[in-house]
Structure formats: structure tokens, C-alpha cells
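Trainee: Here the sequence shown is numbered in my numbering, starting from 357 and rising by one per residue.
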Amino acid sequence: MTDRNPRFTGKIAIVTGGAGGLGQAISAALADEGARVAIFDTSPEAIDRALAELKGTSSLGGPADGAGFLGSIVDVRDRASVARGVDEVVSAFGGIDILIAAAGGSLGTPRDIDDIEPEHLDLVIDVNIKGTFNCAQAAVPSMKSRGGGAIVNFSSIGGRSTSPVTGIPYAAAKAGVLGLTRRLAREVGPDNIRVNAIAPGLFLTGRLQGMFDAMAEKDRHEVLDAIPLHRMPDLRECVDPVLFLASEESSYITGAVLDVNGGRFMAG
Ligand SMILES: NC(=O)c1ccc[n+]([C@@H]2O[C@H](COP(=O)([O-])OP(=O)(O)OC[C@H]3O[C@@H](n4cnc5c(N)ncnc54)[C@H](O)[C@@H]3O)[C@@H](O)[C@H]2O)c1
């Protein structure tokens, strides 16, 4: 348990991509501050593994009293699948207050233009943009009926600048998430629903840690030299800004993007 006052007691959150590196860490931290958390992900094995870790001793501390977890097999690209997941959460927990739309990524698609096939473009756009839209569309009615809510969408430094690490589909999708975030924020603001985006730099989750460790020392230095804070971040340094945007601490912030990248990209 964290030693600060829990900010999410009685709150109900959905975290898409909740079995992934950042999603699981965010789920643990939300529960650590009292939320009931539903994780949406595609693989039953990954959900089972994540739930076992979340219910046990997560590195961030066990869940607070009243917190709880639910796992739902949801493909965010599929509107019917998202609707089923949202119904499950509403039946089990009673509603939705917070949506963290973390499902996404380059999803193993190639980076270079010559190697990109139509199915790669479809996959990256469908998961990152359509998936973010589908989840918001399904969650908003419950938030409205509860008098408000908070949505945090996942963009990326790759959608804020021309990152050489990721390809064109990812850049387009993550820039698109920002347009979606602003337009949605305008639409649901009168219902007291805030919508913001987070744009992380490189966080070494899962296989990314292996990739970084396997790089030549010179290349690792090059990565660090581009970051003014000159170090790689802890996962917690992405989790905390997400929780800030999901909490009442950011009650007058909507339609914003928070760059969390050690200074590698600075907005003008
Ligand atoms: N890790 C980073 O450095 C970094 C940087 C910038 C942005 N991001 C963004 O943060 C988010 C989380 O990244 P991560 O590093 O935790 O990645 P991750 O690959 O560890 O987790 C992503 C999760 O999304 C799930 N997912 C994929 N397709 C899905 C679908 N159709 N429906 C439901 N779930 C699906 C995956 O199964 C996985 O569990 C992503 O949107 C990513 O683009 C990550």
C-alpha cells in the first residue's frame, strides 16, 4: 500500500492492455489506491498471469481494502467484444469511472516503408485508434450516469515527433490518438468527463528491456545522450502521471497531452 491518501477508493477502472507492461503496473497502482480494476486484453494466458500477479504480491504493494480485479478477454478492435467487456464490468462492479486506454503499440509490425504491408497498417491503426475510440464510446454512457469520469489515452513520443524507433503507421496512429482525445474531450466535457493523453518516451517494458540490454554500449549511449535527464525511466515514472490524469488532482485539465520522456521531445 502506498503511504499517501488513496485517491481511488470506491472508483471503478478499466485498463485496456492491462496484461501488458505499463497496463499491469497501472492496474496495480490503481488498486493500491483503492480502485476496483478490470483488465482488458486479448490473451487468456496473459490475463491469468497478470491477475495472479496483481492479486498476489505486486512490486507496488498489495491491493487496498475494497479493491479487486477482474479480467476480461477483449479485442479492442471489435466493438461487440468491447461492449461485452464493458457489460461484464458494469454487472460485476456497478459502473465505470476511469478508462485507461493502454492497448496498443507497433505490435511487431515492420518499421521501414518498403516492408509495410496493408495488414500491418490496418493492425496498428485498428488497435491504437479504433480500439481507443471503441472503448471510449462503450464506457462513456456509464460515466455519464455516474456524474462524470476520466479517460486517459495512450499516445507516444512517436506521435509527437519523428522518432526513428517506430514506423509511419505507429506515428500516424499515435498522432491520431491526440486528435481523438481533444475532440472527445470537447464532446463529453459538459458531462464532467475529462479526456487526456499521455505520450511516453521509451519505457523498458518486457521485450523492450531485452532489446535495450542487447544493444552495443555505443548505441545505448546514443539513446541516453538524446534524453536531457540522461537516464532510462522507472515504470513508476509513467504510472504516476497516468494516475494524476485519472485523479481529481487534474480536475480542471482536459484535452491535454502530457509528455513523459525525460525531455527527449519538448513541445513548443
Ligand atoms: N513502453 C514504451 O516505451 C511505450 C512508449 C510510448 C508509448 N507506449 C504505449 O503504451 C501502451 C502500453 O505499452 P506497453 O509497453 O505496456 O506494451 P505491451 O506490449 O507490454 O502491452 C500492450 C498490451 O496490449 C495488448 N493488446 C494488443 N492488442 C490488443 C487488442 N486488440 N485488444 C486488447 N488488448 C490488446 C497486448 O496483448 C499487451 O498486453 C501502448 O499503447 C504503447 O504504444 C509505450
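All residues carry an ideal CB built from backbone N, CA and C; glycine is no exception. Remember, predicted model here, so these are calculated numbers, not experimental data.
Buried or exposed for Thr537, going by 16 or more other Cβ atoms inside 10 Å?
Mentor: Flag for Thr537 reads buried.
Trainee: Using the Cα positions of Gly618 and Val442, report the straight-line distance between them to the nearest angstrom.
Mentor: Going by the C-alpha atoms only, they are around 35 Å apart.
Trainee: Quick check on DSSP: helix, strand or coil for Ala369?
Mentor: Ala369 falls in the strand class under three-state DSSP.
Trainee: State yes or no: is the C-beta of Ala638 within less than 8 Å of the C-beta of Asn552?
Mentor: In the structure as shown, the chain starts at 357 and stops at 624, and residue 638 therefore has no counterpart that could be examined.
Trainee: Grab the span of the alpha helix (DSSP H) containing Val544 for me, first residue to last.
Mentor: Segment Ile524 to Val544, the alpha helix (DSSP H) holding Val544.
Trainee: Note down, in chain order, each residue of its chain lying with its Cβ closer than 7 Å to the Cβ of Ser415, except the 5 sequence neighbours on either side.
Mentor: Only weak support is given to the placement of Ser415: the predicted model assigns it a pLDDT of 46, under 50, and the question is left unresolved by the model.
Trainee: With which residues is Ala506 paired in a DSSP beta bridge?
Mentor: Ile454 and Arg550.
Trainee: With a threshold of 8 Å on Cβ separation, who are the neighbours of Pro597 within its own chain once the five nearest residues in sequence on each side are excluded?
Mentor: The residues are Ile554, Leu614 and Val616.
Trainee: Give me the Cβ distance between Val438 and Asn509, rounded to the nearest whole Å; I'm assuming they're in contact under 8 Å.
Mentor: With 8 Å as the limit, Val438 and Asn509 do not qualify as a contact, their Cβ atoms being about 15 Å apart.
Trainee: Check whether the Cβ of Leu614 lies closer than 7 Å to any heavy atom of ligand 1, and answer yes or no.
Mentor: No; taking the cut-off as 7 Å, the Cβ of Leu614 has no heavy atom of ligand 1 nearer than that.
Trainee: Compute the beta-carbon to beta-carbon distance between Asp453 and Ala369, rounded to the nearest angstrom, for a pair I have assumed lies under 8 Å.
Mentor: So it is a contact: roughly 7 Å between Cβ atoms.
Trainee: According to DSSP, what are the bridge partners of Pro419?
Mentor: None, per the DSSP bridge assignment.
Trainee: Return helix, strand or coil for Pro362, following the three-state DSSP convention.
Mentor: Looking at Pro362 - three-state DSSP - the assignment turns out to be coil, as it is neither helix nor strand.
Trainee: Going by Cα to Cα distance, which pick from Arg435, Ile507 and Pro525 is closest to Glu475?
Mentor: Checking every option, the nearest Cα to that of Glu475 belongs to Pro525.
Trainee: What does Gly427 pair with, by DSSP beta-bridge criteria?
Mentor: DSSP, once it has assigned bridges, lists Ile395 as partnering Gly427.
Trainee: Could you name the residues of the same chain whose beta carbon sits closer than 6 Å to that of Ala582, not counting the 5 residues immediately before and after it, in chain order?
Mentor: Closer than 6 Å at Cβ, skipping near neighbours: Arg620.
Trainee: Looking at Ala406 and Ile395, is the spacing between their C-beta atoms short of 8 Å?
Mentor: Going by C-beta atoms, Ile395 is nearer than 8 Å to Ala406.
Trainee: Between the C-alpha atoms of Pro520 and Asp431, what's the straight-line distance to the nearest angstrom?
Mentor: Their backbone Cα atoms lie some 28 Å apart in a straight line.
Trainee: Residues in the same chain with beta-carbon distance under 7 Å from Ile469, minus the five sequence neighbours each way, listed in chain order, please.
Mentor: These residues qualify, in order along the chain: Ile524.
Trainee: Can you round the beta-carbon distance between Ile485 and Gly532 to whole angstroms, since I take them to be within the 8 Å contact cut?
Mentor: Contact flag correct, Cβ pair sits at about 5 Å.
Trainee: Roughly how many angstroms lie between the CA atoms of Asn548 and Ser498, to the nearest whole one?
Mentor: Going by the C-alpha atoms only, they are around 12 Å apart.
Trainee: Would you check if the distance between the CB atom of Gly505 and the CB atom of Ala459 is smaller than 8 Å?
Mentor: Their beta carbons are not under 8 Å apart, which means Gly505 does not touch Ala459 by this criterion.
Trainee: Who does Ala555 pair with in a DSSP beta bridge?
Mentor: Partner(s): Asp615.
Trainee: For Phe559 versus Leu591, is the C-beta spacing smaller than 8 Å?
Mentor: A contact, by the Cβ cut-off of 8 Å.
Trainee: Using the C-alpha atoms, what's the distance from Ser383 back to Ala570?
Mentor: Cα to Cα, the separation comes out at about 29 Å.
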